[in-house]
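Engineer:
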Amino acid sequence: MNLSYKAIQFLIEAIDYRIESYEERLKLIEGVDEDEASDIGNDCGFLEALKHDLTQTLQNRETVLLSADRTVRKDEAVSEGLSLPELFQPVLQLSMTDRLLLVDAITESIRQETISPGKSETASEETLRGKVSSV
1282 MNLSYKAIQF LIEAIDYRIE SYEERLKLIE GVDEDEASDI GNDCGFLEAL
1332 KHDLTQTLQN RETVLLSADR TVRKDEAVSE GLSLPELFQP VLQLSMTDRL
1382 LLVDAITESI RQETISPGKS ETASEETLRG KVSSV
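Going by this note's numbering, the first residue of the sequence shown is number 1282, and it counts up by one from there.
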């Protein structure tokens, strides 16, 4: 699922609200209903883990955006002394969906630079386009 930045922020806020309400309920029933308290504790743990993952996703997106601003062109990256491993590390923090979107964006940007509007593609370019779009 590919959610927008604002949607993820909204989910994090909603999770915070739900965790607070669970914790209030837990204070009321603690020592009275152990089964419900256990269920609420488990739910809180799940929500905390989900919140952590969503927060990481937001931070990773911010890192990629900042990194993209710094590394617009390969020649600029070389002149700044950035190495492939330095560029590779932020990508490892992305989810698989975000990585695939990044590959699509890079592929499309290369196509736009190399294929002028009136130019027709060669057979090898059409084959390559088919292979990339099937990924």
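Just so you know, even glycine gets a beta-carbon here, dropped at the ideal spot from N, CA and C.
Are at least three pairs of beta-carbons, each pair with one atom in the stretch 1369-1387 and one in the stretch 1326-1344, less than 8 Å apart?
Structural biologist: A contact exists between the stretch 1369-1387 and the stretch 1326-1344.
Engineer: For Ala1330 and Glu1394, what's the separation of their Cα atoms in angstroms?
Structural biologist: The alpha-carbon atoms of Ala1330 and Glu1394 are separated by roughly 42 Å.
Engineer: What's the C-alpha gap between Ile1300 and Gly1312?
Structural biologist: About 19 Å.
Engineer: Alpha carbon to alpha carbon, how far is Ser1319 from Arg1380?
Structural biologist: Cα to Cα, Ser1319 sits roughly 38 Å from Arg1380.
Engineer: Just to check my reading of the structure: Lys1332 and Ile1387 have Cβ atoms closer than 8 Å, yes? What is that Cβ distance to the nearest angstrom?
Structural biologist: With 8 Å as the limit, Lys1332 and Ile1387 do not qualify as a contact, their Cβ atoms being about 31 Å apart.
Engineer: Going by C-alpha to C-alpha distance, which of Leu1309, Ile1296, Glu1305 and Glu1317 sits closest to Asp1334?
Structural biologist: Of Leu1309, Ile1296, Glu1305 and Glu1317, the residue nearest in Cα terms is Ile1296.
Engineer: Express the C-alpha separation of Tyr1303 and Gly1326 in angstroms, rounding to a whole number.
Structural biologist: About 11 Å.
Engineer: Between the alpha carbons of Glu1315 and Asn1323, how many angstroms are there, rounded?
Structural biologist: C-alpha separation (whole angstroms): 12 Å.
Engineer: Tell me which same chain residues have a C-beta within less than 8 Å of the C-beta of Leu1307, skipping the five on either side of it?
Structural biologist: Here the set comprises Ala1318, Ile1321, Gly1322 and Cys1325.
Engineer: Pull up the distance between the alpha-carbon of Thr1336 and that of Tyr1298, whole angstroms please.
Structural biologist: If I take the Cα positions, the gap works out to 15 Å.
Engineer: So what's Ile1391 in DSSP terms, helix, strand or just coil?
Structural biologist: Looking at Ile1391 - three-state DSSP - the assignment turns out to be helix.
Engineer: Alpha carbon to alpha carbon, how far is Leu1328 from Leu1365?
Structural biologist: Cα to Cα, the separation comes out at about 36 Å.
Engineer: Tell me the DSSP secondary structure of Asp1324 in three-state form.
Structural biologist: Asp1324: helix per DSSP, three-state reduction.
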